[in-house]
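The numbering used here numbers the first residue of the sequence shown as -12 and each following residue consecutively.
Built from N, CA and C at the ideal position, the CB exists for glycine as well.
In this text the structure is predicted, and so the values were computed from the model without any measurement.
Encoded as structure tokens, the structure appears first; notes follow it.
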Amino acid sequence: MGRNDGPASYQQSFQPVPESAGAARGFARAALSELGRGDLWDRVCLVVGEMAVNAILHARTAYSILITCPGERTVRVEVHDGNSIKPRQKTALAVDPLTYGRGLMLIEAASDRWGVDETEAGKAIWAEVDA
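Right, here's the structure in full:
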């Protein structure tokens, strides 16, 4: 787990393979422990898992996760990938509505704020979770 200089922040890169979603959640749990924010583990790890799966399935590029505490009561998660196509919220797919098409809805439900920013290399999907 990489810690950046300055305010507490943790960043790690992942390859776009299914196994990396579990590794991403493990990274988030370790970062939250270091930050003393274990109280937000359930919500943040749900957000990280959904963002990781979206990067794997849709961006299909390597991705990195940055976890910071921009405020005393807030944890911010950013997932950066190399695909500039912005995600769009949709209804669950008829093929398997229990497993597809719910990612952004879950991110929205588990976070207090979320959005997408363009970057030089692609995009950053972010979410903030308040205590």
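From the DSSP output, in three-state form, read off E6 for me.
helix
Can you tell me whether E59 is buried or exposed, with buried defined as 16 or more other CB within 10 angstroms of its CB?
exposed
Straight-line CA distance for A108 to I72?
11 angstroms
Could you round the C-beta distance between V35 and I52 to whole angstroms and report it? I think they count as a contact, below 8 angstroms.
6 angstroms
State yes or no: is the C-beta of A(-5) within less than 7 angstroms of the C-beta of C56?
yes
Look at the alpha carbon of R63 and the alpha carbon of A114, and state the distance between them as a whole number of angstroms.
6 angstroms
Considering only DSSP beta bridges, list what I94 is partnered with.
Answer is none; I94 lacks a bridge partner.
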